[in-house]
Amino acid sequence: MKNILIISNNDDIWLKPAWLSVFKNKNKNKDLNFQKIIFVPNKLVNKNFFQTNLYYFSIFGIFDFVKLLLFAIVKKIQKNFSQSKKIEDYIKTENYKFLDIAKLKKEIELIKPDIIFITCSYVIPDELLDTNKNSIWINKHASFLPFTKGLFPFIWNVINNRNQGISFHEVTKKIDSGKIIYQEEILEKQSMVAFYKEIYFSFERYFYSFIYNLEKNIEIDNDGGDYFSLPNKKDLKSFKNKGGKIISFRDIYE
Numbered sequence: 213m214k215n216i217l218i219i220s221n222n223d224d225i226w227l228k229p230a231w232l233s234v235f236k237n238k239n240k241n242k243d244l245n246f247q248k249i250i251f252v253p254n255k256l257v258n259k260n261f262f263q264t265n266l267y268y269f270s271i272f273g274i275f276d277f278v279k280l281l282l283f284a285i286v287k288k289i290q291k292n293f294s295q296s297k298k299i300e301d302y303i304k305t306e307n308y309k310f311l312d313i314a315k316l317k318k319e320i321e322l323i324k325p326d327i328i329f330i331t332c333s334y335v336i337p338d339e340l341l342d343t344n345k346n347s348i349w350i351n352k353h354a355s356f357l358p359f360t361k362g363l364f365p366f367i368w369n370v371i372n373n374r375n376q377g378i379s380f381h382e383v384t385k386k387i388d389s390g391k392i393i394y395q396e397e398i399l400e401k402q403s404m405v406a407f408y409k410e411i412y413f414s415f416e417r418y419f420y421s422f423i424y425n426l427e428k429n430i431e432i433d434n435d436g437g438d439y440f441s442l443p444n445k446k447d448l449k450s451f452k453n454k455g456g457k458i459i460s461f462r463d464i465y466e
């Protein structure tokens, strides 16, 4: 039996529905014991809520910003009408006001998880990674590693004419550079939102494929590659010149 602790962004649009789909289908692997999911606030690098939204507005532009807002509203309404079960029905939950290292260390020492799975926008400090040597930290990265590590990989992959994909890898002291346990190429999508819909609306399938590879001790080297940070207006122009889209109206209603 593997004990699992999850640290996730407190995100109603993507991550909560994704994890809920995993918990609903946990009979796919009865050796998994989901102990707890800890929610931390969403963040974009070192930006607060206002700075994050200002970034999206200024870099993506007003039309894409409004469409993203509409997408979020529609998905929240759909969630409220369609979900009969909540995450709390399947697993213990706790909300943190920030990435509380001292509190997380105590949680890890108490649970002694075999797997600590992160779907959060924080760089995990060495102090946490070293808390329990028997725990393996896993991250989901939305790119076909080792290429395009870092932020907004979909945008950078379009700019650099690379294939899109998803990778589950160990978390180490170097960002997005731990050995890869599972990865899959994702066929070209019309927009960044369509790409993330594929990842998060199919997250349960990807997650249990990762578990299968982990149990079979399948590992892929993650050496080399490159790292990218936040795109600026010039980068977004290159992205759109290559045919890239942030969101389409079709993404909102489908």
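Using the numbering used here, you'd call the opening residue of the sequence shown number 213 and step up by one each time.
C-beta atoms are modelled at their ideal positions from N, C-alpha and C, and glycine is treated no differently.
- Bridge-paired residues (DSSP) for residue 331: The residue labelled residue 331 in the question sits at position 119 within the sequence shown. Beta-bridge pairing links residue 331 to 220.
Go through its chain and collect everything with a Cβ distance to residue 284's Cβ below 7 angstroms, but skip five positions before and after it.
In the sequence shown, the residue the question calls residue 284 occupies position 72. Cβ within range, chain order: 225.
Does the Cβ-Cβ distance between residue 395 and residue 377 come in under 8 angstroms?
-> Working through the sequence shown from its first residue, we reach residue 395 at position 183. Working through the sequence shown from its first residue, we reach residue 377 at position 165. The answer is yes: Cβ separation under 8 angstroms.
*asked:* Please tell me whether residue 240 and residue 246 are closer than 8 angstroms, where the distance is taken between their beta carbons.
replied: For this step, residue 240 is matched to residue 28 along the sequence shown. For this step, residue 246 is matched to residue 34 along the sequence shown. Contact: no.
Original post:
Apart from the five residues just before and just after residue 317, which ones in its own chain have a Cβ nearer than 6 angstroms to its Cβ?
Top reply: Within the sequence shown, numbered from 1, the residue matching residue 317 stands at position 105. These residues qualify, in order along the chain: 343.
Would you verify that the beta carbon of residue 282 is, or is not, closer than 8 angstroms to some beta carbon of chain D? Among the chains of the structure shown, chain D does not appear; only one protein chain is present.
To the nearest angstrom, how far is it from the Cα of residue 300 to the Cα of residue 292? Position 88 of the sequence shown, counted from the start, is the residue given in the question as residue 300. Position 80 of the sequence shown, counted from the start, is the residue given in the question as residue 292. Whole-angstrom Cα-Cα distance: 15 angstroms.
Review point. Between 287, 260, 367 and 423, which lies nearest to residue 355 when the distance is taken from Cα to Cα?
Key: By one-based count along the sequence shown, residue 355 stands at place 143. When each option's Cα is compared against that of residue 355, the closest is 367.
Give the list of continuous beta strand (DSSP E) stretches no shorter than 3 residues that lie fully inside the segment 227-271.
244-252
My assumption, with CB atoms under 8 angstroms, is that residue 440 sits in contact with residue 362. Please give the rounded CB distance. Start at 1 with the first residue of the sequence shown, and residue 440 comes out as number 228. Start at 1 with the first residue of the sequence shown, and residue 362 comes out as number 150. About 4 angstroms; that satisfies the 8 angstroms criterion.
Query raised in the report: Can you give the Cα-Cα distance for residue 421 and residue 448, rounded to whole angstroms?
Result: As a working note, residue 421 is residue 209 in the sequence shown. As a working note, residue 448 is residue 236 in the sequence shown. Spanning the two alpha carbons is a distance of roughly 33 angstroms.
Quick check: the Cα distance between residue 467 and residue 257, rounded to an integer number of angstroms? No answer is possible for residue 467: it lies beyond the span of the chain, which begins at 213 and ends at 466.
Where residue 426 and residue 415 are concerned, what is the direct C-alpha to C-alpha distance, given to the nearest angstrom? Mapped onto the sequence shown, residue 426 falls at position 214. Mapped onto the sequence shown, residue 415 falls at position 203. Spanning the two alpha carbons is a distance of roughly 16 angstroms.
For this session: Give me the Cα-Cα distance between residue 383 and residue 454, rounded to the nearest whole angstrom.
Result: Stepping through the sequence shown from its first residue, residue 383 is reached at position 171. Stepping through the sequence shown from its first residue, residue 454 is reached at position 242. The straight-line gap from Cα to Cα measures roughly 32 angstroms.
Residue closest to residue 236, alpha-carbon to alpha-carbon, out of 297, 315, 223 and 458:
Taking the sequence shown and counting its residues from 1, one reaches residue 236 at position 24. For residue 236, the nearest C-alpha among the options comes from 297.
Nearest to residue 308 (by Cα), restricted to the options 220, 234, 351 and 465 | Here the question's residue 308 lines up with position 96 in the sequence shown. It is 220.
| task | Output the distance between the C-alpha atoms of residue 311 and residue 353, rounded to the nearest integer angstrom. | result | Here residue 311 refers to the residue found at position 99 when the sequence shown is read from its first residue. Here residue 353 refers to the residue found at position 141 when the sequence shown is read from its first residue. Near 19 angstroms, if we compare the C-alpha coordinates of residue 353 and residue 311.
Worksheet entry | Spatial neighbours of residue 227 in its chain, beta-carbon cut-off 6 angstroms, leaving aside the 5 residues before and after | The residue given as residue 227 occupies position 15 in the sequence shown. Only 220, 221 and 331 meet the Cβ criterion.
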